[in-house]
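Taking it in order: structure first as structure tokens, then the write-up.
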Amino acid sequence: MSNINEQYIEEYIRSILPKNNNYLQSMEEYAIANHIPVIEPESAQFLKVQLKLHKPKDILEIGTAIGYSALIMAGALEGKCNITTIERRHDMVELASKYIQQSPYNDNIKILHGEAEDILSNLTQDFDLIFIDAAKGQYLEFFNKSIKRLKPGGMIISDNVLFKGMVASDDLIIRRKKTIVKRLRTFLKYINEIDGYTSCVIPIGDGIALTYREV
């Protein structure tokens, strides 16, 4: 349970979601067995709806992990997109590459291996949508580097921004997570005040922030 919504609400929402295809289900099983965090089911469904509404052609993802979210996005757009995804861990790059190669979307997804800060500083391509799901304590830095490559009218979607409810309640904070919580609070305040952008925080999954760049 994420501490964002009551457990019975979370369970009900998940019970009515359509089932994923076989290769996504196998990824979910692997992630659970190996304690690898992937996007929550209700957050993934929200992401799919946003993609179908806005139909972004060029997508940047920060934080590939096993490639689950990248494949969710490619599937939602039926392969009518190009996804660039950044991952720092070599083992995750290898695993994500394997899953992506086994999917129908191998030609749509490109993995960049390295530190996100370095790669973002050197990108020259502009994107319609940017999905941030990496080190939570670095969201503000990722955001500020990302917006330089976000097209007018584009969106940034940031996952896990309520961080198991700790961002919203001091009573839930685990001592060793205090720095991350402080940085996420700074990030959320920043994206709601920055000129030229409109943001909202949605309490589904582990919390999602949606940021729109005004034209």
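Adding 247 to a residue's 1-based position in the sequence shown gives its number in my numbering. No residue lacks a Cβ here, since even glycine has one placed at the ideal position from N, Cα and C.
Buried or exposed by the 16-neighbour rule on C-beta atoms within 10 Å, applied to residue i
i: I256; result: exposed
i: V462; result: exposed
i: N268; result: exposed
i: I356; result: buried
i: Y287; result: First, the residue type needs correcting, since residue 287 is Glu and not Tyr in the sequence shown. Classification of E287: buried, given that the 10 Å Cβ count is 16 or more.
i: K395; result: exposed
i: Q254; result: exposed
i: V273; result: Checking the sequence, you will find Ser at residue 273 rather than Val. Exposed, by the Cβ-count rule.
i: D365; result: exposed
i: N407; result: buried
i: I451; result: buried
i: L435; result: buried
i: S316; result: buried
i: S350; result: buried
i: S249; result: buried
i: R422; result: exposed
Whole-number beta carbon distance between residue j and residue i, since they are thought to touch under 8 Å
i: I309; j: D380; result: 7 Å
i: K295; j: C328; result: Wrong, their Cβ atoms sit about 12 Å apart, outside the cutoff.
i: G412; j: L376; result: The Cβ separation is near 27 Å, so there is no contact.
i: L397; j: I404; result: The pair is not a contact, with the Cβ atoms about 11 Å apart (cut-off 8 Å).
i: T458; j: L387; result: That belief does not hold up - the Cβ atoms of T458 and L387 are roughly 12 Å apart, past 8 Å.
i: L271; j: L318; result: 6 Å
i: L359; j: I330; result: Actually they do not touch by this definition, with Cβ atoms about 11 Å apart.
i: A291; j: A312; result: In fact, because the Cβ distance is near 13 Å, the residues do not count as touching under 8 Å.
i: K383; j: F410; result: 6 Å
i: E275; j: V285; result: 7 Å
i: G454; j: I260; result: Actually they do not touch by this definition, with Cβ atoms about 15 Å apart.
i: R335; j: G361; result: 6 Å
Host alpha helix (DSSP H) of residue i (start-end)
i: K295; result: P288 to H301
i: A280; result: N269 to A280
i: I438; result: K425 to I438
i: R261; result: Q254 to S262
Residue i, DSSP secondary structure in three states
i: L359; result: strand
i: S416; result: coil
i: D375; result: strand
i: I394; result: helix
i: I366; result: helix
i: K466; result: Given a span of 248 to 462 for the chain in the structure shown, any question on residue 466 remains unanswerable.
Min CB distance residue i to chain D below 8 Å
i: N252; result: Absent from the structure is chain D; it holds one protein chain and no more.
Start and end residues, beta strand (DSSP E) containing residue i
i: K398; result: L397 to D406
i: A381; result: No beta strand (DSSP E) holds A381; DSSP gives it neither H nor E.
i: S446; result: Y444 to I449
i: R460; result: I455 to R460
Report task. Could you name each continuous alpha helix (DSSP H) segment of 4 residues or more that falls completely within the segment 295-355, going from the start of the chain to the end? Result -> Every unbroken stretch of the alpha helix (DSSP H) spanning 4 or more residues and falling wholly within the segment 295-355 is given here in chain order: 315-323 and 337-349.
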